[in-house]
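Student: Following my numbering from start to finish, the sequence shown increments by one per residue and tops out at 511.
All residues carry an ideal CB built from backbone N, CA and C; glycine is no exception.
Bear in mind that the values here come from a model prediction, so they are computed numbers and not experimental data.
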Amino acid sequence: MAISAFDLFSIGIGPSSSHTVGPMKAARMFVERLAGAGLLDATAAVSTELFGSLGATGHGHGSDKAVLLGLTGSRPDTVDVDTADAQVDHIRRTGRVTLLGRHDIGFDERRDLVLHRRRTLPGHPNGMRMAARDAADRELLTRTYYSVGGGFVREDSDDGAAAGIVADRTRVRFPYRTAAELLTHCADSGLPISGVMLANELSWRSEDQVRAGLLGIWQAMQECVRRGCEREGVLPGGLKVRRRAPGLYRTLRADEASGDGDPLTVMDWLSLYALAVNEENASGGRVVTAPTNGAAGIIPAVLHHYHRTAPGADDDGVFRFLLTAAAIGVVYKECASISGAEVGCQGEVGSACSMAAGALCEVLGGTPQQVENAAEIGMEHHLGLTCDPVGGLVQIPCIERNAMAAVRAIHAARLALHGDGAHVVSLDSVIATMRETGADMKVKYKETSRGGLAVNIIEC
Ligand code: SF4
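1) Looking at C-beta atoms only, is the number of pairs between the region 474 to 482 and the region 84 to 103 that lie closer than 8 Å three or more?
2) For the ligand SF4, I want to know if A426 counts as a neighbour, meaning its beta carbon is within less than 7 Å of at least one of the ligand's heavy atoms.
3) Please identify the residue among Y227, T149 and L434 whose C-alpha is closest to the C-alpha of G380.
4) Closest to R486 by C-alpha separation, out of P176, T193 and K384, would be which residue?
5) Taking buried to mean at least 16 other C-beta atoms within 10 Å of its own C-beta, is K116 buried or exposed?
6) Which ranges would you report for the alpha helix (DSSP H) in the region 295 to 319 if only whole runs of at least 4 residues count?
7) By DSSP, does S402 sit in helix, in strand, or in coil?
8) Beta carbon of I244, beta carbon of V422: below 8 Å?
9) Using DSSP's beta-bridge definition, name the partner residues of L119.
10) Under the rule that 16 or more other beta-carbon atoms within 10 Å means buried, what is V285, buried or exposed?
11) By the 10 Å Cβ neighbour count, where 16 or more other Cβ atoms means buried, how is A327 classified, buried or exposed?
12) Compute the Euclidean distance between the alpha carbons of R147 and T134, then round it to the nearest angstrom.
13) Quick one: residues in its chain with C-beta nearer than 8 Å to the C-beta of W320, no 5 flanking neighbours on either side, listed in chain order?
14) At 3 residues or longer, and completely inside the region 444 to 471: list those beta strand (DSSP E) runs for me, N to C.
15) Among D367, E393, G348 and A426, which residue has its Cα nearest to the Cα of V382?
16) To the nearest angstrom, report how far apart K497 and C396 are at their CA atoms.
17) For the structure I just gave you, are there three or more beta carbon pairs, one from the region 169 to 177 and one from the region 194 to 209, closer than 8 Å?
18) Helix, strand or coil: how does DSSP classify G157 here?
19) Nearest-angstrom Cα distance between G398 and S104?
20) For L91, I'd like the list of residues in its chain whose CB is within less than 8 Å of its CB, leaving aside the five on either flank, ordered along the chain.
21) Figure out for me which residue from G363, V317 and L373 has the closest Cα to the Cα of L266.
22) How many Å lie between A454 and V139 at the Cα?
23) Using only the alpha-carbon positions, how far apart do T221 and C237 sit?
24) Looking at the secondary structure, which residues open and close the alpha helix (DSSP H) in which A183 lies?
25) Quick one: Cα of A467 to Cα of T418, how far?
26) Less than 7 Å separating the Cβ of A346 from some heavy atom of the ligand SF4?
27) Measuring from the CB of G502, is there a heavy atom of the ligand SF4 at a distance below 7 Å?
28) Hey, out of G336, P127, T108 and P342, whose CA is closest to K76's CA?
29) If you draw a straight line from the C-alpha of S334 to the C-alpha of T340, how long is it?
30) Is it the case that the CB of R459 approaches a heavy atom of the ligand SF4 more closely than 7 Å?
31) With DSSP as the reference, label F60 as helix, strand or coil.
32) Give the C-beta separation of M37 and T375 to the nearest angstrom, bearing in mind that I take them to be a contact with Cβ-Cβ under 8 Å.
33) Here's the rule: buried if 16 or more other CB atoms are within 10 angstroms of the residue's CB, otherwise exposed. What is A505?
34) Looking only at its own chain, which residues have a Cβ that is under 8 Å from the Cβ of D210, when we skip the five neighbours before and after it?
35) If I measure Cβ to Cβ from W269 and keep anything under 6 Å in the same chain, skipping five residues before and after, which residues do I get?
36) Taking 7 Å as the cut-off, is the C-beta of V445 nearer than that to any heavy atom in the ligand SF4?
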């Protein structure tokens, strides 16, 4: 399967790529399929059932809201985040939803949007089943979707056979699945990892388009940090988690102005960037999925750090950073998973840390071997990390965890840069270990909020 940087980095809506972005895309895919089959006008009711992790934590992750917006035709990259809540309130208040913005039907939430807290579908922990019926209650169309992480959606085949990924069969110049194959391409071509990834991207778009697209992603990351530094208040959902980024931003600016020479301030800035992104994400704001929403703060934080502190940092460095991060992300997608519901938080925060570590290593002058080493260190020390979001919200431990992982990514890049690229544990071995550890992990630690912190915090 060919995977582009733009599959791994997409502009979306918080708080979750698998629970918000994926369900919104799936709901839109369903009504588009109805329209494509000429069935939209005959549709009198659409029902959606959410299973597995989507059913268990869907309310906290905004999956219900995402489905409603998707039915109206909204897309994660363009939905107006400032009016989304009002649109959903309108549907609930009026009991009507306008499919694709052009066909109005009745909507009864208790009947038409069911979250199964303990039922799962066979294809993946994040399952969705949708059905459309006509005015005589005859079934018009049913489909099953799986939100497999990072906003990727898999659709069941028409005959109800087991779900399969609709693979992109584009032939890229340097096909690879593993880090070893990626390094072989670098050795044979003399290109850095970013160069191999760029050559592959040219299978879909021109270099100018790739550059403009990735710098657009960088722009969206910067806007997300800016908004996160400005918006005060308490995050939605009932945990009463106060936004910390605005206060930290003011403190750091004041310290800077007073000439406070604390050498560890660099860590505080890094934390600030990650907190700002993840607080925006938790409030349903516009974020870049990188490669998931729960872990959306790590890559932007490390990229801001590079842009602000590295001598000679420029847009070309940003471009190479994002290409390298994506090249590493491809290996995670191909050989394991980036879904917390499938392998726990090691697949979300661990993968993002690994991608950021390798990317920083390359733009600071690392060889492909050092980049692979940095990415390996970034994951090795996240192995076994569980996903146990308190209250089913992407807040505790997710927000702070991104700040911690951003610091770890820089640590990993610097450790690798001080070596010569030779090391004992390969990136491929650590990714295989992550996949196996995820398979052994109990379901209660995989985005169901039935274990870990989610059941052990003291209620105030
Ligand atoms: S604990 Fe990790 S995997 Fe789970 S929702 Fe939070 S960031 Fe995502």
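Tutor: Checking against the coordinates, here is how it stands:
1) no
2) In the sequence shown, counting from the first residue as 1, residue 426 sits at position 375. Flag unset: Cβ of A426 not near the ligand SF4.
3) Taking the sequence shown and counting its residues from 1, one reaches residue 380 at position 329. Among Y227, T149 and L434, the Cα nearest to that of G380 belongs to Y227.
4) Working through the sequence shown from its first residue, we reach residue 486 at position 435. Ranking P176, T193 and K384 by Cα distance to R486 puts K384 first.
5) Taking the sequence shown and counting its residues from 1, the one referred to as residue 116 is at position 65. Buried is the call here.
6) 296 to 309
7) If you number the sequence shown from 1, residue 402 lands on position 351. S402 falls in the helix class under three-state DSSP.
8) Sequence index remark: in the sequence shown, residue 244 carries index 193 (1-based). Sequence index remark: in the sequence shown, residue 422 carries index 371 (1-based). Result yes, Cβ atoms of I244 and V422 sit closer than 8 Å.
9) Start at 1 with the first residue of the sequence shown, and residue 119 comes out as number 68. DSSP lists no partner for L119.
10) In the sequence shown, the residue the question calls residue 285 occupies position 234. Burial call: exposed.
11) As a position in the sequence shown, residue 327 is number 276, starting the count at 1. Its Cβ being crowded by 16 or more others within 10 Å, A327 is buried.
12) Here residue 147 refers to the residue found at position 96 of the sequence shown. Here residue 134 refers to the residue found at position 83 of the sequence shown. Whole-angstrom Cα-Cα distance: 17 Å.
13) For the purposes of this step, residue 320 is taken as the residue at position 269 of the sequence shown. Correct list, in chain order: L303, H355, H356 and R359.
14) none
15) The residue given as residue 382 occupies position 331 in the sequence shown. Out of D367, E393, G348 and A426, A426 has the C-alpha closest to the C-alpha of V382.
16) Sequence index remark: in the sequence shown, residue 497 carries index 446 (1-based). Sequence index remark: in the sequence shown, residue 396 carries index 345 (1-based). Whole-angstrom Cα-Cα distance: 8 Å.
17) yes
18) The residue given as residue 157 occupies position 106 in the sequence shown. Three-state result, G157: strand.
19) Along the sequence shown, one-based indexing puts residue 398 at 347. Along the sequence shown, one-based indexing puts residue 104 at 53. Cα to Cα, G398 sits roughly 15 Å from S104.
20) Counting from one through the sequence shown, the residue named residue 91 turns up at place 40. V82, L85, L150, L151, R153 and H154, listed in sequence order.
21) The residue you call residue 266 lines up with position 215 of the sequence shown. Selected option, being the one with the closest Cα: L373.
22) Here residue 454 refers to the residue found at position 403 when the sequence shown is read from its first residue. Here residue 139 refers to the residue found at position 88 when the sequence shown is read from its first residue. Distance between the alpha carbons of A454 and V139 is about 32 Å.
23) For the purposes of this step, residue 221 is taken as the residue at position 170 of the sequence shown. For the purposes of this step, residue 237 is taken as the residue at position 186 of the sequence shown. Using only the alpha carbons, I get a separation of about 21 Å.
24) In the sequence shown, counting from the first residue as 1, residue 183 sits at position 132. No alpha helix (DSSP H) contains A183, which is instead part of the beta strand (DSSP E) from N177 to R184.
25) Here the question's residue 467 lines up with position 416 in the sequence shown. Here the question's residue 418 lines up with position 367 in the sequence shown. Whole-angstrom Cα-Cα distance: 10 Å.
26) Here the question's residue 346 lines up with position 295 in the sequence shown. It does: the Cβ of A346 is within 7 Å (strictly closer) of some heavy atom of the ligand SF4.
27) Residue numbering aside, residue 502 sits at position 451 when the sequence shown is read from its first letter. No; taking the cut-off as 7 Å, the Cβ of G502 has no heavy atom of the ligand SF4 nearer than that.
28) To locate residue 76, count along the sequence shown from 1; it is residue 25. Looking at the Cα atoms, P127 is the closest of the given residues.
29) Looking up residue 334 in the sequence shown gives position 283. Looking up residue 340 in the sequence shown gives position 289. For S334 and T340, the distance between alpha carbons rounds to 15 Å.
30) In the sequence shown, residue 459 corresponds to position 408, counting from 1. No.
31) The residue given as residue 60 occupies position 9 in the sequence shown. Here F60 sits in coil by DSSP.
32) As shown, the chain starts at 52 and ends at 511. That puts residue 37 outside it, with no answer to give.
33) Reading the sequence shown from its first residue, position 454 is the one you call residue 505. The residue in question, A505, is buried, as its Cβ has 16 or more Cβ neighbours within 10 Å.
34) Along the sequence shown, read from residue 1 onward, the residue named residue 210 stands at position 159. With a pLDDT of 46 at D210, under the threshold of 50, the modelled position of that residue is not reliable, and no figure is offered here.
35) Walking along the sequence shown from the start, residue 269 turns up at place 218. Correct list, in chain order: V369.
36) Here residue 445 is taken as the residue at index 394 of the sequence shown, counted from 1. Indeed, a heavy atom of the ligand SF4 lies less than 7 Å from the Cβ.
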